[in-house]
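There are 2 protein chains.
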Amino acid sequence: MKAYWCELAWLGGDTATADVLLQTSGDRITAVHAGVPCPPEAVRLRGLTLPGMANAHSHAFHRVLRGRTQVGTGSFWTWREQMYAAAAQLNPDSYHRLARAVYGEMALAGITCVGEFHYLHHGAGGTPYADPNAMGAALVAAAGDAGLRITLLDTCYLRGGIGVEPNETQRRFSDGDALSWAARASALSSLESPTSRIGAAVHSVRAVDPASIEVVAAWAAQRTAVLHAHVSEQKAENEQCIEAYGLTPTALLAERGVLDARFTAVHATHLAVADIGLYGTSGCSICMCPTTERDLADGIGPAMQLRDAGARLSLGTDSQAVIDMFEEARAVELDERLASRVRGSHDAPSLLRAATRNGHAGLGWHEAGSLQVGGLADFTSLRLDTVRTAGTSMVTALESAVFAAGAADVHHVVVDGEIIVADGRHVRIDVAAELASVIGELMGQ
Amino acid sequence: MKAYWCELAWLGGDTATADVLLQTSGDRITAVHAGVPCPPEAVRLRGLTLPGMANAHSHAFHRVLRGRTQVGTGSFWTWREQMYAAAAQLNPDSYHRLARAVYGEMALAGITCVGEFHYLHHGAGGTPYADPNAMGAALVAAAGDAGLRITLLDTCYLRGGIGVEPNETQRRFSDGDALSWAARASALSSLESPTSRIGAAVHSVRAVDPASIEVVAAWAAQRTAVLHAHVSEQKAENEQCIEAYGLTPTALLAERGVLDARFTAVHATHLAVADIGLYGTSGCSICMCPTTERDLADGIGPAMQLRDAGARLSLGTDSQAVIDMFEEARAVELDERLASRVRGSHDAPSLLRAATRNGHAGLGWHEAGSLQVGGLADFTSLRLDTVRTAGTSMVTALESAVFAAGAADVHHVVVDGEIIVADGRHVRIDVAAELASVIGELMGQ
Chain A
8 MKAYWCELAW LGGDTATADV LLQTSGDRIT AVHAGVPCPP EAVRLRGLTL PGMANAHSHA
68 FHRVLRGRTQ VGTGSFWTWR EQMYAAAAQL NPDSYHRLAR AVYGEMALAG ITCVGEFHYL
128 HHGAGGTPYA DPNAMGAALV AAAGDAGLRI TLLDTCYLRG GIGVEPNETQ RRFSDGDALS
188 WAARASALSS LESPTSRIGA AVHSVRAVDP ASIEVVAAWA AQRTAVLHAH VSEQKAENEQ
248 CIEAYGLTPT ALLAERGVLD ARFTAVHATH LAVADIGLYG TSGCSICMCP TTERDLADGI
308 GPAMQLRDAG ARLSLGTDSQ AVIDMFEEAR AVELDERLAS RVRGSHDAPS LLRAATRNGH
368 AGLGWHEAGS LQVGGLADFT SLRLDTVRTA GTSMVTALES AVFAAGAADV HHVVVDGEII
428 VADGRHVRID VAAELASVIG ELMGQ
Chain B
8 MKAYWCELAW LGGDTATADV LLQTSGDRIT AVHAGVPCPP EAVRLRGLTL PGMANAHSHA
68 FHRVLRGRTQ VGTGSFWTWR EQMYAAAAQL NPDSYHRLAR AVYGEMALAG ITCVGEFHYL
128 HHGAGGTPYA DPNAMGAALV AAAGDAGLRI TLLDTCYLRG GIGVEPNETQ RRFSDGDALS
188 WAARASALSS LESPTSRIGA AVHSVRAVDP ASIEVVAAWA AQRTAVLHAH VSEQKAENEQ
248 CIEAYGLTPT ALLAERGVLD ARFTAVHATH LAVADIGLYG TSGCSICMCP TTERDLADGI
308 GPAMQLRDAG ARLSLGTDSQ AVIDMFEEAR AVELDERLAS RVRGSHDAPS LLRAATRNGH
368 AGLGWHEAGS LQVGGLADFT SLRLDTVRTA GTSMVTALES AVFAAGAADV HHVVVDGEII
428 VADGRHVRID VAAELASVIG ELMGQ
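Those protein sequence lines, which keep their order, are chains A and B.
For any residue, its number in this note's numbering is found by taking its place in the first sequence, counting from 1, and adding 7.
For any residue, its number in this note's numbering is found by taking its place in the second sequence, counting from 1, and adding 7.
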């Protein structure tokens, strides 16, 4: 049994609550008391304590591209060539070391749970490793090293585009057909643990044919596993899908039984009105990745309309251009302001819910993302006395967190009741040094 | 004579240069040697050293609003009411203490020169203080305390809108008429020093009538002082200006002799094609404040078209929603990506020029903003070994600075050859503590 006392904590309402004692036993919160003094045995958490944040869409290896893909001009599609070149460098050992450092960076940013959208399955030319899940195992081990909860979203990726064979790099992503994907994915159950779960993903309607989409959806339904897919990040995908199938990507996924409360559409940037309605009535999650959507020139998705239709918003760092959930959260609202010319479509509590409870739900961790009795004891504390956050008021502490704070303000992070980040340092990993070492090795200086 | 040795320094080209020795004498750079080892007497600057950054548009007192104005819905105009309420709290003493802390935050972010767009001139009801420039003097003193160079852009503000008398708050901004403004502004010359200069500003075509705009422009021309104005931040301003004068704000300013190489248009978000041409052919600066323009739901300005027409881009933190010039710099390109769906309209060197040389030029400091012999010895070093920047390569260090770094990565800042920030701490001011204290006093907790 442990005790953590928070100067301020967000218990789910419109404002933060002062002097909150969180008691934990094992991996669970066993008591929440507001307005009490700090007992001598408690760890004192300064500033504002939030539920641990869920990064609902991650490609860990994209971290090697940060900064390096900002030279010259281009598009999403030219960026993708650079991303493929980075992917080509990786094997289970280097992937493990890279992901461990990247997940360490996430921990330092207050992320306690990551959804890894994983499609780099096989060796050169598509030859499976001796353990066909060696790459997925590397990611799960990396999350364990960093102290993070993980949902490994094992991704079906079968073709280079509609009617296009996979190219050399893409062959490493492909299991050949959906039943082979399902067989390999089924073997992932050995990786499940109290901190790791398995979900499924359809890479996109570009990379998976409709019949195979049905196979993946059925696999996920049978296990009540979460299911994710990239949807309509670029207009070109919509055009190709409509030309091939006469349906938008969303309508195609709906037709093939994908859309329900276990489904998360990632990006959903370029949607038809009917698509928005489908997500809303199906109770889907929409994972927005606004810093990536800025970086890749995707555009601004219809966050407000999706929410108003009934969809749940979650957030992901995706390409790791930055790893900062506060920046992702405020970017949803700030980009909405640019598009709508109105302030306040998404308030701070709703953006914090996207970063915490909604993200966890979309990754299948319904027992995480809230500071409540019986919930998983995952939480994140940020300083309100840095130059960025100083001057906040108690009644607007949530607004300061979302609109003024950054990853650098996170000081303590707890997962399963155990401290994984203390005073801004990871307790086990020298994150910056490991990032520099493994990225230097993979990409050269 | 002092010596600073930089692991990497940006000398103005497309990439950074390794092992650069900067020698200084008094306030000037006296030698720049590349590819030399670190002499024993030199201060060793890790990571990447840039010219000091110029924050070309600041309203220091808006810092009290950070976080607090993010509750509820609204527009630029409802936000302005909250901003006016904050302004009403200030007197020369509290303004000095607030600005000193805010400029301290800027120093920590690597800003070495601030353009303060200053219109809070008078006491309650518009009654001048005993020293009619007491508020401006408070700002200049605050910059001195923080070690920053300042251009005080003394702002003419005469009316509440086109044909509208100033309201209670706005009376504090008004000198009554343009000649009275000019008389008071002329007395500011006593505040000039090696680190402080005086410029002029027309608040906007809303707040200054055309004849008075001519007076301000003539005053600035006579002194070869820089001249700034808010232009077309909101569409409503354009509509009102066209209705009243049959001209866009830009065309009106051009007609009244404002547009030349000493002029900076701030925001320039909603421009006609002809406006863009006018700024280009006149060689004006355009100060974009993209984090504020996001925050206030202004929209995305035509940065690329302005640059292609021949205008110089500079950057400002404006409302202090964040104080981070790296975030401002990348936001120009990232918001351009959202609008154009193309990557790479503004490359890292051009964005760094906006943050350094262009900003200084627009504030009248042509001898600052470049690491070159004879230039002012102002520079900023940032770490390339934090979790945000680790993994950068030497050849893409500029891209990492612009697209991955943040204010928290700045470790050393030098102005006039003297260190004002060392290892991320201000050498004279406990910035976070002073911010908390003065904002708490002004706004209450």
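Ideal Cβ positions, reconstructed from N, Cα and C, are used throughout, including at glycine.
Exercise. Give the interface partners of A/ALA328 over in chain B, defined as CB-CB distance under 8 Å, in chain order.
Key: Against the first sequence, residue 328 of chain A aligns to sequence position 321. Within chain B, the residues near A/ALA328 are PHE410, ALA411.
Quiz prompt | Close Cβ partners of A/ALA411 (< 6 Å) along its chain, the five nearest in sequence each way excluded | solution = The residue given as residue 411 of chain A occupies position 404 in the first sequence. Taken in chain order, the residues that qualify are ARG395, THR396.
Self-check item: First and last residue of the uninterrupted alpha helix (DSSP H) at B/GLU172
Solution: In the second sequence, counting from the first residue as 1, residue 172 of chain B sits at position 165. Here B/GLU172 belongs to no alpha helix (DSSP H), and DSSP marks it neither H nor E.
Quiz item: Under 9 Å, do A/ARG179 and A/GLU172 count as touching if we go by C-beta distance?
Solution: Indexing the first sequence from 1 puts residue 179 of chain A at position 172. Indexing the first sequence from 1 puts residue 172 of chain A at position 165. No, they are not a contact pair.
Quiz prompt | Cβ of B/PHE68 within 9 Å of any chain A Cβ | solution = Counting from one through the second sequence, the residue named residue 68 of chain B turns up at place 61. Not an interface residue.
Quiz item: Taking the alpha-carbon positions, what's the A/GLU300 to A/THR276 distance?
Solution: Taking the first residue of the first sequence as 1, we reach residue 300 of chain A at position 293. Taking the first residue of the first sequence as 1, we reach residue 276 of chain A at position 269. Spanning the alpha carbons of A/GLU300 and A/THR276 requires a straight line of approximately 8 Å.
Exercise. Would you kindly check if the distance between the Cβ of B/ALA318 and the Cβ of B/GLU343 is under 9 Å?
Key: Numbered from its first residue, the second sequence carries residue 343 of chain B at position 336. Numbered from its first residue, the second sequence carries residue 318 of chain B at position 311. No, Cβ-Cβ distance for B/GLU343 and B/ALA318 is not below 9 Å.
Quiz item: Per the contact definition of three or more C-beta pairs closer than 8 Å, is the region 41 to 59 of chain B in contact with the region 11 to 21 of chain B?
Solution: yes
Self-check item: Residue range of the alpha helix (DSSP H) that includes B/GLN247
Solution: Indexing the second sequence from 1 puts residue 247 of chain B at position 240. Note, B/GLN247: alpha helix (DSSP H), 242 to 252.
Practice problem: Select from the region 385 to 407 of chain B all residues with a C-beta closer than 7 Å to any C-beta belonging to chain A, and list them in chain order. | Solution: ASP392, THR393, VAL394, ALA397, GLY398, THR399, SER400, MET401, THR403, GLU406, SER407
Practice problem: Provide the residue(s) that pair with B/GLY453 in DSSP beta bridges, ordered along the chain. | Solution: Nothing can be reported for residue 453 of chain B, as the shown portion of chain B is limited to 8 through 452.
Quiz item: Are any of the Cβ atoms in chain B nearer than 9 Å to that of A/ILE293?
Solution: Position 286 of the first sequence, counted from the start, is the residue given in the question as residue 293 of chain A. No, its Cβ sits nowhere closer than 9 Å to a Cβ of chain B.
Exercise. Assign B/LEU186 to one of two classes, buried (16 or more other C-beta atoms within 10 Å of its C-beta) or exposed (fewer than that).
Key: Numbered from 1 along the second sequence, position 179 holds the residue referred to as residue 186 of chain B. When all chains shown are included, B/LEU186 counts as exposed.
Quiz item: How many angstroms separate the CA atom of A/GLY33 from the CA atom of A/ALA375?
Solution: The residue you call residue 33 of chain A lines up with position 26 of the first sequence. The residue you call residue 375 of chain A lines up with position 368 of the first sequence. Roughly 14 Å separates the two Cα atoms.
Exercise. For A/GLY122, count neighbouring Cβ atoms within 10 angstroms of its own Cβ and tell me buried if that reaches 16, exposed if not.
Key: For the purposes of this step, residue 122 of chain A is identified with residue 115 of the first sequence, where counting begins at 1. A/GLY122 comes out buried.
Quiz item: Can you name the residues that DSSP bridges to B/MET90?
Solution: Within the second sequence, residue 90 of chain B is the residue found at index 83, counting from 1. None; B/MET90 has no bridge partner.
Practice problem: Indicate whether at least one CB of chain A lies closer than 9 Å to the CB of B/GLU175. | Solution: Here residue 175 of chain B is taken as the residue at index 168 of the second sequence, counted from 1. With 9 Å as the cut-off, B/GLU175 does not count as an interface residue toward chain A.
Practice problem: Work out the CA separation of B/ALA116 and B/GLY413 for me, nearest whole Å. | Solution: As a working note, residue 413 of chain B is residue 406 in the second sequence. As a working note, residue 116 of chain B is residue 109 in the second sequence. For B/GLY413 and B/ALA116, the distance between alpha carbons rounds to 8 Å.
Practice problem: Confirm the yes/no value for this check: CB of A/ALA227, any heavy atom of the ligand MG, distance under 8 Å. | Solution: For the structure depicted, the ligand MG is absent and the ligand set is empty, with no information on it obtainable.
Quiz prompt | Nearest to A/THR255 (by Cα), restricted to the options A/GLU240, A/ASP267, A/ALA207, A/MET90 | solution = Translated into the one-based positions of the first sequence, residue 255 of chain A becomes position 248. Taking only the C-alpha atoms, the option nearest A/THR255 is A/GLU240.
Quiz item: Quick one: what's got a C-beta closer than 6 Å to B/GLY42's C-beta in the same chain, skipping five residues either side?
Solution: Within the second sequence, the letter at position 35 stands for residue 42 of chain B. Excluding positions up to five away in sequence, the list reads ASP26.
Self-check item: Run of the beta strand (DSSP E) containing B/HIS418, from where it starts to where it stops
Solution: The residue given as residue 418 of chain B occupies position 411 in the second sequence. Note, B/HIS418: beta strand (DSSP E), 417 to 422.
Quiz item: Is the shortest distance between the beta-carbon of B/VAL280 and the beta-carbons of chain C less than 9 Å?
Solution: Included in the structure are the protein chains A and B, with no chain C among them.
Practice problem: Please work out which residues of its chain come closer than 6 Å, Cβ to Cβ, to A/GLY168, disregarding the five sequence neighbours upstream and downstream, and give them in chain order. | Solution: Your numbering for residue 168 of chain A matches position 161 in the first sequence. Cβ within range, chain order: ARG213.
Exercise. Would you grab the beta carbon distance between B/GLY54 and B/LEU389 for me? Rounded to a whole angstrom, and I think it's under 8 Å.
Key: As a first step, residue 54 of chain B is located in the second sequence; it is residue number 47 there, counting from the start. As a first step, residue 389 of chain B is located in the second sequence; it is residue number 382 there, counting from the start. The Cβ separation is near 5 Å, so the contact holds.
Quiz prompt | Other residues of its chain near B/THR393: CB distance less than 6 Å, five sequence neighbours each side excluded | solution = As a working note, residue 393 of chain B is residue 386 in the second sequence. The residues are ASP416.
Quiz prompt | Within 9 Å of chain A by C-beta, residues of the region 67 to 95 of chain B in sequence order | solution = ARG70, VAL71, ARG73, GLY74, ARG75, THR76, GLN77, VAL78, GLY79, THR80, GLY81, SER82, PHE83, THR85, TRP86
Quiz item: Relative to the alpha-carbon of A/VAL147, which residue among A/THR134, A/HIS103, A/GLY130 has its alpha-carbon at the smallest distance?
Solution: Walking along the first sequence from the start, residue 147 of chain A turns up at place 140. Of the listed residues, the one whose Cα sits closest to A/VAL147 is A/HIS103.
Quiz item: Is A/GLY154 close to chain B, meaning its C-beta is less than 9 Å from at least one C-beta of that chain?
Solution: The residue you call residue 154 of chain A lines up with position 147 of the first sequence. No, because no Cβ of chain B sits closer than 9 Å to the Cβ of A/GLY154.
Quiz item: Which first and last residues belong to the alpha helix (DSSP H) in which B/THR299 is found?
Solution: One-based indexing of the second sequence puts residue 299 of chain B at position 292. Note, B/THR299: alpha helix (DSSP H), 297 to 302.
Quiz item: Beta-carbon of B/ILE427 versus every beta-carbon of chain A: anything under 9 Å?
Solution: Start at 1 with the first residue of the second sequence, and residue 427 of chain B comes out as number 420. Interface flag for B/ILE427 against chain A is unset, since no Cβ pair is found closer than 9 Å.
Quiz item: By the 10 Å Cβ neighbour count, where 16 or more other Cβ atoms means buried, how is A/GLY183 classified, buried or exposed?
Solution: Your numbering for residue 183 of chain A matches position 176 in the first sequence. A/GLY183 is exposed by the Cβ-count criterion.
Quiz item: B/GLY323 CB to nearest chain A CB: under 9 Å?
Solution: The count along the second sequence starts at 1 and reaches residue 323 of chain B at position 316. Judged by the 9 Å Cβ criterion, B/GLY323 is not in contact with chain A.
Quiz item: Whose C-beta lies closer than 8 Å to the C-beta of A/MET401 among residues of the same chain, with five residues either side of it excluded?
Solution: Walking along the first sequence from the start, residue 401 of chain A turns up at place 394. So the qualifying residues of the chain are LEU15, THR22, ALA23, ALA25.
Self-check item: Euclidean distance between Cα positions of B/ALA189 and B/ALA218
Solution: Locating residue 189 of chain B in the second sequence gives position 182, where the first residue counts as 1. Locating residue 218 of chain B in the second sequence gives position 211, where the first residue counts as 1. Whole-angstrom Cα-Cα distance: 13 Å.
Quiz item: Excluding five sequence neighbours on each side, which residues of the same chain lie with their C-beta closer than 6 Å to the C-beta of B/VAL421?
Solution: Along the second sequence, read from residue 1 onward, the residue named residue 421 of chain B stands at position 414. Apart from sequence neighbours up to five positions away, the residues of its chain that approach B/VAL421 with a beta-carbon distance below 6 Å are PHE386, ordered along the chain.
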